[in-house]
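Below: one structure, written as structure tokens.
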Amino acid sequence: MIIAERQSLRGPALRPRGPRVAAGDIARLAGHASPAYDGAALARAVRLFGGNERMLSTPLNALPPPSPTQGRAALSRLFGLDRPGHCFTMEPHRWSVFHEPQITGGLVHFLSDGPAARCQARTLALLRAAFRCAGRSCERLERQDIAHALAEAELRLDNGARIDILVELGFDDGSCAGAVIEAKFGADLSANQLQCYQHHSEERAGWCPEDTVLLVIAPHPRDLCAKVLADNSEWTVQSWWTLLDAFERELSPADDCEDFARFRRTIWERAYR
């Protein structure tokens, strides 16, 4: 009885499937003749198709391969590699994999590092890139009466939420142009975070919707929650590719440095490695 109970716990016994193979069947395989191929038929096929290479090739194989210089020229046009100091000329930081707060904090560090004129120029370049990502005109940013430039990372709000990146240009008349950027590197959007950030932008002194960009950035925007995005139509969703490429084109080489270029290349590496 104990043996029967143990067998029931193990479940039904496994049995081989398919027909049984007898020892005589295996022995008879030794005398099995392989199928013969008609050499004359193969020769006729070769004559018909014009040789083995043509039989196995496609019309694409007849096209001459593009020269390496053509490939480099295409990449140069695509990324604007003719710009002096482009970040693709630098090696990324490979000693660590940076997390989202390190990326946002590092980017804001470079926006805020150095003389006021350089900080203003870098912040303006990122703001122009954000406006372009949102399909907005940069005419408002052409004003010459810029009073201050501000960039903040992980900006804590009263309810404990944190804005990843906030950039602001203030003008002499007290008005501002700004962008709120939600940066993603694989994590999804939560249900109410975008409404919270938008409310902060609406209540912020000097900000108005006409001069404000709300931007969600992710390596592959299609991976983000479609319902959250549909419920927040005021936000524009773009890829890191689009934002970084626009920023690279807006940033003047005179306001750049090797460390900043290396860090931007590291963001590319983090988003698309």
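When you line the sequence shown up against my numbering, it's residues 93 to 365, in that order. Don't be surprised by glycine CBs; every beta carbon is placed ideally from N, CA and C.
Neighbour-count burial assignment, residue i, 16 or more Cβ in a 10 Å radius
i: Trp299; result: buried
i: Gln330; result: buried
i: Lys276; result: buried
i: Asp348; result: buried
i: Leu63; result: The requested residue 63 does not occur in the structure, where the chain is confined to residues 93 to 365.
i: Glu340; result: buried
i: Gly198; result: buried
i: Thr181; result: exposed
i: Val259; result: buried
i: Glu234; result: exposed
i: Ala297; result: exposed
i: His178; result: buried
i: Glu342; result: buried
i: Arg356; result: buried
i: Leu218; result: buried
i: Gln99; result: Note that Gln99 scores 48 on pLDDT, short of 50, meaning its location in the model is unreliable; the coordinates nonetheless yield the value given after this. Label assigned to Gln99: exposed.
i: Arg220; result: buried
i: Ala346; result: exposed
Close-in-space but distant-in-sequence residues of the same chain around residue i (CB under 7 Å, 5 per side omitted)
i: Asn251; result: Cys288
i: Asp280; result: Leu316 and Cys317
i: Ala363; result: Phe277, Pro311 and Trp332
i: Thr196; result: Ala245, Glu246, Asp256, Ile257 and Ala275
Pairwise C-alpha distance: residue j and residue i
i: His185; j: Cys211; result: 23 Å
i: Ala239; j: Glu295; result: 20 Å
i: Arg228; j: Ala269; result: 12 Å
i: Gly131; j: Arg120; result: 28 Å
i: Arg175; j: Asp337; result: 12 Å
i: Phe263; j: Pro156; result: 57 Å
i: Ile370; j: Ala137; result: The structure shown does not extend to residue 370, since the chain is modelled only from 93 through 365, so no value can be given for it.
i: Arg365; j: Gln236; result: 39 Å
i: Gly206; j: Phe352; result: 12 Å
i: Arg248; j: Ser188; result: 26 Å
i: Ile359; j: Ser267; result: 32 Å
i: Glu192; j: Ala165; result: 33 Å
i: Lys319; j: Phe202; result: 34 Å
i: Ala322; j: Glu361; result: 29 Å
i: Ser282; j: Gln290; result: 14 Å
i: Pro301; j: Asp265; result: 17 Å
i: Leu170; j: Ala209; result: 30 Å
i: His124; j: Leu140; result: 33 Å
Residues that residue i bridges to, as DSSP identifies them
i: Thr334; result: Note: Thr334 sits in no beta bridge, so no partner.
i: Gly270; result: Glu260 and Thr304
i: Ile195; result: None, per the DSSP bridge assignment.
i: Ala245; result: Ile257
i: Ala310; result: Ser331
i: Ala275; result: Ile309
Residues near residue i by beta carbon distance below 6 Å, same chain, minus five either side
i: Asn324; result: Leu286
i: Ser293; result: Val272, Trp299 and Thr304
i: Ser204; result: Cys211 and Ala243
i: Ala241; result: Cys211, Gln212, Thr215 and Leu261
i: Ala222; result: Ala271, Val305 and Leu307
i: Arg172; result: According to the sequence displayed, residue 172 carries Gly and not Arg. Answer for Gly172: Arg341, listed in chain order.
i: Arg354; result: Met182
Distance between beta carbons of residue j and residue i, contact taken as under 8 Å
i: Val200; j: Ile257; result: 6 Å
i: Trp327; j: Pro311; result: That pair is no contact at about 17 Å.
i: Leu335; j: Cys230; result: At roughly 14 Å, the Cβ-Cβ gap does not stay under 8 Å, so Leu335 and Cys230 are not in contact.
Any chain D beta carbon closer than 8 Å to residue i
i: Leu170; result: The chain labelled as chain D is not found in the depicted structure, where only one protein chain is given.
Cβ shell of residue i (< 8 Å), same chain only, five flanking positions each side left out
i: Pro313; result: Val329, Gln330 and Ser331
Contact test: residue i Cβ vs the ligand ADP heavy atom, cutoff 7 Å
i: Gly252; result: The ligand ADP is not part of the structure shown, which contains no ligands of any sort.
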